[in-house]
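All residue numbers for the sequence shown refer to the numbering used here, where the first residue is 1457 and numbers rise by one.
Down below is the structure, laid out as C-alpha cells.
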Amino acid sequence: MPTSFTVVPVEAQGEERGSAERDGQRQEEEESGERERGSGDGIARESSPFISSAEMDRGNVYEGKNMALFEEEMDSNPMVSSLLNKLANYTNLTQGVVEHEADEDSKRKEVKVPRMGTFIGVYLPCLQNILGVILFLRLTWIVGTAGVLESFIIVFMCCACTMLTAISMSAIATNGVVPAGGSYYMISRSLGPEFGGAVGLCFYLGTTFAGAMYILGTIEILLTYISPSAAIFKAEEVGEETEAMLNNMRVYGTCIIILMAIVVFVGVKYVNKLALVFLACVILSIIAIYAGVIKTAFDPPDFPICLLGNRTLSKRSFDVCAKFTESNNETQTTTLWQLFCDSPLLNATCDDYFSLNNVTEIQGIPGIMSGVLIDNLWSTYSEKGSIVEKKDQPSIPGSEETKMSGLPYVFTDIMTYFTMLVGIYFPSVTGIMAGSNRSGDLKDAQKSIPTGTILAISTTSFIYLSCIVLFGACIEGVILRDKFGEAVNGNLVVGTLAWPSPWVIVIGSFFSTCGAGLQSLTGAPRLLQAIARDGIVPFIQVFGHGKANGEPTWALLLTAGICEIGILIASLDSVAPILSMFFLMCYMFVNLACAVQTLLRTPNWRPRFKYYHWTLSFVGMSLCLALMFICSWYYALIAMLIAGCIYKYIEYRGAEKEWGDGIRGLSLNAARYALLRVEDGPPHTKNWRPQLLVLLNLDSEQLVKHPRLLSFTSQLKAGKGLTIVGSVLQGIYLDKCTETQKAEENVKSLMGAEKTKGFCQIVVSPNFRDGISYLVQSAGLGGMKHNTVLMAWPQSWKQTENRFSWKNFVDTVRETTAAQQALLVAKNIDLFPTNQERFTEGNIDVWWIVHDGGMLMLLPFLLRQHKVWKKCKMRIFTVAQMDDNSIQMKKDLQMFLYHLRLNAEVEVVEMLENDISAFTYEKTLMMEQRSQMLKQMQLSKNEREREIQSITDESRGSVRRTSCSSPQSIGQDGQALTNDYQEEEAQLIHDRNTASHSAPMVKASVAAAAAPEKVHMTWTKEKLVAEKHKNKDSNVSGFKDIFNMKPNQSNVRRMHTAVKLNGVVLNKSQHAQLVLLNMPGPPKNKKGDENYMEFLEVLTEGLDRVLLVRGSGREVITIYS
1457 MPTSFTVVPV EAQGEERGSA ERDGQRQEEE ESGERERGSG DGIARESSPF ISSAEMDRGN
1517 VYEGKNMALF EEEMDSNPMV SSLLNKLANY TNLTQGVVEH EADEDSKRKE VKVPRMGTFI
1577 GVYLPCLQNI LGVILFLRLT WIVGTAGVLE SFIIVFMCCA CTMLTAISMS AIATNGVVPA
1637 GGSYYMISRS LGPEFGGAVG LCFYLGTTFA GAMYILGTIE ILLTYISPSA AIFKAEEVGE
1697 ETEAMLNNMR VYGTCIIILM AIVVFVGVKY VNKLALVFLA CVILSIIAIY AGVIKTAFDP
1757 PDFPICLLGN RTLSKRSFDV CAKFTESNNE TQTTTLWQLF CDSPLLNATC DDYFSLNNVT
1817 EIQGIPGIMS GVLIDNLWST YSEKGSIVEK KDQPSIPGSE ETKMSGLPYV FTDIMTYFTM
1877 LVGIYFPSVT GIMAGSNRSG DLKDAQKSIP TGTILAISTT SFIYLSCIVL FGACIEGVIL
1937 RDKFGEAVNG NLVVGTLAWP SPWVIVIGSF FSTCGAGLQS LTGAPRLLQA IARDGIVPFI
1997 QVFGHGKANG EPTWALLLTA GICEIGILIA SLDSVAPILS MFFLMCYMFV NLACAVQTLL
2057 RTPNWRPRFK YYHWTLSFVG MSLCLALMFI CSWYYALIAM LIAGCIYKYI EYRGAEKEWG
2117 DGIRGLSLNA ARYALLRVED GPPHTKNWRP QLLVLLNLDS EQLVKHPRLL SFTSQLKAGK
2177 GLTIVGSVLQ GIYLDKCTET QKAEENVKSL MGAEKTKGFC QIVVSPNFRD GISYLVQSAG
2237 LGGMKHNTVL MAWPQSWKQT ENRFSWKNFV DTVRETTAAQ QALLVAKNID LFPTNQERFT
2297 EGNIDVWWIV HDGGMLMLLP FLLRQHKVWK KCKMRIFTVA QMDDNSIQMK KDLQMFLYHL
2357 RLNAEVEVVE MLENDISAFT YEKTLMMEQR SQMLKQMQLS KNEREREIQS ITDESRGSVR
2417 RTSCSSPQSI GQDGQALTND YQEEEAQLIH DRNTASHSAP MVKASVAAAA APEKVHMTWT
2477 KEKLVAEKHK NKDSNVSGFK DIFNMKPNQS NVRRMHTAVK LNGVVLNKSQ HAQLVLLNMP
2537 GPPKNKKGDE NYMEFLEVLT EGLDRVLLVR GSGREVITIY S
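In C-alpha cells form, the structure reads like this:
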C-alpha cells in the first residue's frame, strides 16, 4: 500500500512543532499544573523541563507506572533518587537557627556551598581561641612562681585534658552531620536534653565569663603597659594601688562591654572579618617571642634589675639604682635614698635593712646560655604581700623589721599555691570547640574537624610547653615572679624578651584580647539562642527571639549583663577559675558522651574517626573532674550544683525530646539488665507492694470515663512501683489503628495531668471480655508484672446493653483469682478525691471480715503517705461471732497492729444471730424473679431468632419456578408475609444479626415480584401465625412460673449476711472518707453470677466511697524486720 510522506528538515520540524504547541498552550495552561502534580490516580509526577507533547505524555505515563507496585507508599516512603537528591543538596543551618530536625518541612534559603578546608576552617580558628590573654599576661608569672617543672606538669595536665577531649569530640563530630551549635549539640544529642541543657548553659556561662576575662586582660594591658596615665582612680596612699586598679577595671570594663555589645549588635560580619587580623597579631607576637629567645643566645637585651640585698625594687619610683652618686667630687643622695631615709642628707636616719645591705643591679634577661634555668626549676610560692626575693643573693636581715608597705619593693598581690595556678592557667587551653562550631562552613567536616582540632591542640601545646622552658632558661626568676613588670619600668615581662621591640607583644596582645572578647560576645548569645529554640528550658525561651535576620538581640543583652558580673569582680585571677569550672564540666560530659556511646555499641554509633577508645574518654572525663576540684573545690561544687539544678528543672518542667541519646540507650540497657536479674516470681513479703494494672473504660470519643481512677492510682502509688494503665477497644486492629493511637494519647495526657507514673497499654480485641483477659494475662514483662488489678465498679451493670456488663465483671474477678492477683474495685469512683483535694479530718475505715494476706492493712498505710489522705485516721473493724471472745479479739488485734508498726483504732463489732427478716426474704425473692425473668427473655429472644432463621432458610430452599401464578399475587403475598413478620418480631429481635438475616428474605420477595418468572411460596401466613401463638402460650406459662417461685435458701442466707453487714457498716462508717471491705468471691456455680452482683450491691449500699479488696492468696505484710 503506497504511503505519501513529506521530508521536513530538522530545524523546520522543530519550528512547526513549537508553533503548533504555542497555539494550544492557552487551552492547556490551566491543566498543566494538574498534570505536574499528578494524574487522576493520585500518583505524583515530576515536572518536566521539556515542552510537553503527546509522545512525552506517553513517556511520563510509562515512567509513572514503572513503580506502580509502590505507588501507595510514595507519600511515606520516597523514591531513593529523591532521597539522595535531598541529601546531596543538604546544607547545615547557621548557628543560632532552629536545628535541621525541627526545620525539615520549611523551605531553606539557598546558601553558598561551603568551601573552607581544614587549615582556614578549623586550624586557624582553634589557634585564635586557644592562644590568648593568659599566654601574654600570666604564663611568665606562673613559670616564676611554680618553677619550670611544676609549670610543665600544670600545662601538660591541661593540654592532655583538652587532647583527650578533642579525641572524644572528633568521634562524636564524625558520627553524622553536626549542625552549628558545637558542643551543646553534641552533648544534648548524645546524652539527652537534660544533660545537654545543663551542660549547654554551663558552656554558655563559661563562654560569657571568658568574654569578661578577655576584657579585663585588655584593660590591664591598656592601663598597665600602654597608658598608665589614663587611670581614673589614683592611689592616694601607699597600699591602695590594688584597689584603685580594680575600680579602674570596673569603669573601663563597663564602657568596653557597652561598646563591644553595640559593635556585635550592629554587625557581626565586621567581627568575623577582623578575626583574621586579630589572629595575625597573635601569630606575630609568638614569632617575636621565639625570635627574642634566639637573639638572647648571642645578644641579650639590656633590662637591668635593681636589688636591695636580695629584695627586688620597683623602678616606678626612682631612676638610678644606687644609694648615692658622685657629681663634681660631691656625694649626693639619690631618689632611692630619700625613699628609705627621712631626709636627703647623708646623716639621715634610714631603714635598717637599707643601711645594712648594698644596692646591686643584675640583668633581668641573662639569656638562654646563662644557665638561669637551673635556678628557675623549683617553685617559689609565697603569701600575699610578701616581697619578691632572689634566692642566692646575699642579704643581711635588719635588727628589727620595720613597716615595709610604703617602701619601693615588688610585692606579691595574692597568695600562690599549685592548685590556684591550675585554675588560672586552664582557660588558656580552652577554645578547642571552635572548629566544631563552624562545621556548617566546612567542605568536609568529618575530615577537617578531627585533623584541624588535634593539630591545633598539638601546636598550642608545643608553644606552651616550649615557652615554659624558654622563659625559665632566659629570664631571671625575680622578673618572672614580678606579675606587672614593676622591676623593669612597668614593661610587660614577656615583652622584654621579644624582638625587635616590647611594643610588638604589647600591641599584639591588646588586639588579641580585644578580638577574643568580641568573639565571646558573638558566640555566647548564639549558643543561648540555640538552647532557647530547642525549647528544653522553658524560662529562657524568650532569648530565642531576635532581629529579622536571626541575630539574637535578647540573648546579647543577657550575655552583656552576665559579662558585667565578671567585670565587677575585676580581678583576672578571680574570674579565670570560674570559667575553668564551666569549661571543664563541658569537656567532662563530651568525654562521657563518647564513652557511653562506645560502651553501648548502639547501631548508629559509626564514627569516621577511628582513633578513639572508651578508656581514653574515661581517662579524659576523670582528668576533667580531678582538675575541677584541683582548681577550686568550692567553685566545682557550685558549678555542679548549678548544672544539677538546671538538670532537675529540665526533667521536671522541660519539653520531652527524643533525640536517640545515649542516656536513653543506657537506661534501656540498665532496664534489660535489671529485668534479667529480677526473679520471674513473687517477691519477698518485705518487698511486696501493689504493682497495679488499672483497667480504664473509654467512651466513644476514646476519652477516659472515670479519670478519678487514675487520681486514686497516683495517691495509692505515690510514684513507686509499677503501674500499667490498660484499656480495651472492641474491633479489629487493622480497622482501629487510628483510634488506638488516639486512645493512647488521651490516656497518656490524663496520666500526665494526674501525675500517674507508669505505662499505657491499649488492646484491640473482637470481644471486650477477651481483651480484658489478654491484659490480665500478658501485661508487664518478666519479673515486672502486675500483682494487683484496679478497676471501677460497673454502675450500670443492670443494663444488659452495657458493654462492661456484670458478666464481664464477674469473669474478671474469677480470672484475677485464678492468676493469683489481688483485686481492688472502687465503687462510686467519681466521688473519690482528686490529687488537689485535701482531707483535713475523717477516717479510713477497714472492715476486716476475712484474712486476705494483709492487703486491707497495707492499703490504708500507703494511702496515708499521700497528701490527700495524710490527715485521715485509720480505724480497723472486725466482726465477732457468737462463740468469739470480743475482748480478747480486740487485745490480739491491737498487739498484731503493734507488731506491724501501724497506728490505728481497733473496734470489734458483734453480729448477733437472729431470724431472717421479711425484708431480706422479699429482697432475695425479687432478685431471683428478676434473674429468672431475664433468663426467660433471653431464651425467648434466642428462640425467636432461631425460628426466623429457619423460616428464612426454608423459604429460600423451597422457592421454585412456575408458570401459573401471576407476579402481582406473588408480590402481595410476599408483602403481607413481610409486614406480619415485621410487626411481630420488632418487639423481640434487636440484634443486628437478625436484621441482616431478615433483609435477604425481604429482598428475595421483592426480587421475585419484579422477576418475569412466577414463584410459589410454601410457607403461608396462617402457618406463621399459628407458630407465633404456640410460642406465645409457652412464654406466658413460663412467666406465670416466675411469680409462683420460692427463693433459694442459700441465696436467702447470703442476702441476710449482706443486709446485716451493710447495716453494721452504715452504723459505724457512714461518714468515713473511705471504707475498705473484704470482697466476697463469686459463686463456683456460674448460674448465680447475677445474684453475686446483687449481693455486692446490697453490701455497699448507702456508702459514698468504697474500695472492695480481694487478696491474691499470699501474705503481703509481715511483723518481721
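Quick reminder that beta carbons are idealized off the backbone N, C-alpha and C, glycines included.
Being a predicted model, the structure only gives us computed values, none of them experimental.
In the DSSP assignment, what residue or residues form a beta bridge with residue i?
{"i": "E1817", "result": "C1762"}
{"i": "T2334", "result": "W2304, V2364"}
{"i": "F1867", "result": "I1843"}
{"i": "Q2217", "result": "G2182"}
{"i": "L2013", "result": "Note: L2013 sits in no beta bridge, so no partner."}
What does a CB cutoff of less than 8 Å around residue i pick up in its chain, not counting 5 residues either side in sequence?
{"i": "T1714", "result": "Thr is not the amino acid found at residue 1714; the sequence shown has Ile there. Only A2016 meet the Cβ criterion."}
{"i": "L2563", "result": "L2280, V2281, A2282, K2283, L2315, L2530, V2531, L2532, L2533"}
{"i": "T2196", "result": "L2185, Y2189, I2218, V2220"}
Given that a residue counts as buried once 16 or more other Cβ atoms are within 10 Å of its Cβ, and exposed if not, what is residue i?
{"i": "K1414", "result": "This structure leaves residue 1414 out entirely; the chain is present only between 1457 and 2577."}
{"i": "V2565", "result": "buried"}
{"i": "D1975", "result": "Reading off the sequence shown, one finds Gln at residue 1975, where the question assumed Asp. Buried, by the Cβ-count rule."}
{"i": "I1688", "result": "exposed"}
{"i": "C2101", "result": "exposed"}
{"i": "T1630", "result": "buried"}
{"i": "H2307", "result": "exposed"}
{"i": "W1834", "result": "exposed"}
{"i": "G1656", "result": "buried"}
{"i": "Q2277", "result": "buried"}
{"i": "Q2233", "result": "exposed"}
{"i": "S1783", "result": "exposed"}
{"i": "F2333", "result": "buried"}
{"i": "E2157", "result": "exposed"}
{"i": "C2193", "result": "exposed"}
{"i": "L1593", "result": "buried"}
Suppose the cutoff is 6 Å on Cβ atoms and the five residues either side in sequence are ignored; what does the same chain contact list for residue i look like?
{"i": "Y2043", "result": "T1621, C2080"}
{"i": "I1761", "result": "I1818, G1820, A1943"}
{"i": "Q1584", "result": "L1735"}
{"i": "R1564", "result": "Caution applies to R1564, whose pLDDT of 41 falls short of 50 and renders its modelled position unreliable; the value that the coordinates give is listed next. Correct list: empty, nothing qualifies."}
{"i": "C1797", "result": "A1804, C1806"}
{"i": "Q2251", "result": "none"}
{"i": "T2058", "result": "G2121"}
Please classify residue i: does DSSP put it in a helix, a strand, or coil?
{"i": "L1812", "result": "helix"}
{"i": "A2282", "result": "strand"}
{"i": "L1829", "result": "coil"}
{"i": "V1633", "result": "coil"}
{"i": "N2435", "result": "Low confidence applies here, because N2435 scores a pLDDT of 44, under 50, leaving its location unreliable; read the following figure in that light. In the structure shown, N2435 sits in a helix (DSSP, three-state: H, G or I)."}
{"i": "V2266", "result": "helix"}
{"i": "T1978", "result": "helix"}
{"i": "V2531", "result": "strand"}
{"i": "M1572", "result": "strand"}
With a CB to CB cut of under 7 Å and the five nearest residues on each side skipped, what residues in its chain are close to residue i?
{"i": "H2001", "result": "W2010"}
{"i": "N2125", "result": "L2056"}
{"i": "E2571", "result": "T2141, G2309, G2310"}
{"i": "Q1985", "result": "G1552, F1999, G2000, G2002, P2008, A2011"}
{"i": "K2323", "result": "R2294"}
{"i": "S2490", "result": "Note that S2490 scores 49 on pLDDT, short of 50, meaning its location in the model is unreliable; the coordinates nonetheless yield the value given after this. For S2490, where only same-chain residues beyond five positions count, there are no Cβ hits under 7 Å."}
{"i": "K2104", "result": "none"}
{"i": "D2155", "result": "K2161"}
{"i": "S2568", "result": "N2243, Q2276, Q2277, A2278, G2309"}
Q.
Could you tell me which whole beta strand (DSSP E) segments of length 3 or greater appear in the region 2124-2194?
A. Within the region 2124-2194, the complete beta strand (DSSP E) runs of at least 3 residues fall at 2148-2151, 2179-2186.
key: Runs of alpha helix (DSSP H) wholly within the region 1687-1750 (minimum 4 residues, chain order)   = As summarised for the region 1687-1750, the continuous alpha helix (DSSP H) elements at least 4 residues long and confined to that stretch are 1697-1722, given in chain order.
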